[in-house]
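Asks: In the numbering used here, the protein residues as written are 2 to 190.
Ideal placement from N, C-alpha and C gives every residue a C-beta, glycine not left out.
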Amino acid sequence: MHWITIILIGIAANLDNLGIGLAYGVKKTKVPLSSNFTIAVISMIVTYLSVMIGSALIDYITPHKANFVGNLMLCAIGLYTIISYKISCTTSAENLEGIDKDRNNIITFREALVLGLILSINCLGSGIAIGANGISAIWTVISIGFFSILTFAIGDHFGLLLSKTFIGKYSTVISGLILIFIGVFEIFI
């Protein structure tokens, strides 16, 4: 089993959650456990569906080619993540203000649904690549859900403190680098 890959995918897919949690923490916007759980469930569902799509690719091409294509996809997604961060900061605090529609400084269930859909986009491409690599869908989904809840909780709790650290400032770039590392790592094992 690819435990290291599964854990790293869970972390990489959710580093944006950490950055967004930090931004909300700084603004004293609370993300209740129910909203955090909602975001995690959406990410898990999107991940599962995309892993199944990736797994279906194996039926049409050889496992070796599917593995190679999946790893190249991980590297490409990581590179795209870094480039898009450099072009514009899509997870900036200004863009997040629109999520809290009622401006009550609490992310409600409905707001969590929107935020979950936005954040689950990270899981889509990675899930297809993971599925093409033949890595366990269930453990990947559990890893994504666990790290989603964890990173949001940490970010929201430590807000101002962590937002000034290297991880808080560059969570998107770190996420992209981890995806590239996973792709390269999986090619050579």
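Is W4 close to chain C? Criterion is C-beta to C-beta, closer than 8 Å.
Replies: The structure shown contains no chain C; it is built from a single protein chain.
Asks: For I139 and I145, what's the separation of their Cα atoms in angstroms?
Replies: Sequence index remark: in the sequence shown, residue 139 carries index 138 (1-based). Sequence index remark: in the sequence shown, residue 145 carries index 144 (1-based). C-alpha separation (whole angstroms): 10 Å.
Asks: Between which residues of its own chain and F1 is the CB-CB distance below 7 Å, once the five residues before and five after are set aside?
Replies: Summary: the structure shown does not reach residue 1, with the chain confined to residues 2 through 190, and so no result is reported for it.
Asks: Classify I183 as helix, strand or coil using the three-state DSSP reduction.
Replies: Here residue 183 corresponds to residue number 182 of the sequence shown, with the count starting at 1. In this structure, I183 counts as helix in the three-state DSSP scheme.
Asks: E95 by DSSP, collapsed to three states: which one?
Replies: Taking the first residue of the sequence shown as position 1, residue 95 is located at position 94. With a pLDDT of 47 at E95, under the threshold of 50, the modelled position of this residue cannot be trusted, and the question is left open.
Asks: DSSP has K28 in a bridge; who is on the other side?
Replies: Within the sequence shown, the letter at position 27 stands for residue 28. K28 is not bridged to any residue.
Asks: So, helix, strand or coil for I175, using DSSP?
Replies: The residue given as residue 175 occupies position 174 in the sequence shown. Residue state, collapsed to three classes: helix.
Asks: Can you give, in chain order, each stretch of the alpha helix (DSSP H) that sits fully within the stretch 31 to 71 and has at least 4 residues?
Replies: DSSP runs (the alpha helix (DSSP H)) wholly in the stretch 31 to 71: 34 to 58.
Asks: Comparing C-alpha positions only, which one of D157, Y61, I188, I129 sits nearest to V47?
Replies: Position 46 of the sequence shown holds residue 47. With distances taken between Cα atoms, V47 lies closest to I129.
Asks: Can you tell which of D17, V27, T6 has its C-alpha closest to the C-alpha of L162?
Replies: What you label residue 162 is simply residue 161 of the sequence shown in a count that begins at 1. Closest option to L162, Cα to Cα, is V27.
Asks: Going by DSSP, what residues sit across from I107 in a beta bridge?
Replies: As a first step, residue 107 is located in the sequence shown; it is residue number 106 there, counting from the start. In the DSSP output, where bridge partners are listed per residue, I107 has K31.
Asks: Rounded to a whole number of angstroms, what is the C-alpha to C-alpha distance between Y25 and V174?
Replies: Looking up residue 25 in the sequence shown gives position 24. Looking up residue 174 in the sequence shown gives position 173. Taking the straight line joining both Cα atoms gives about 19 Å.
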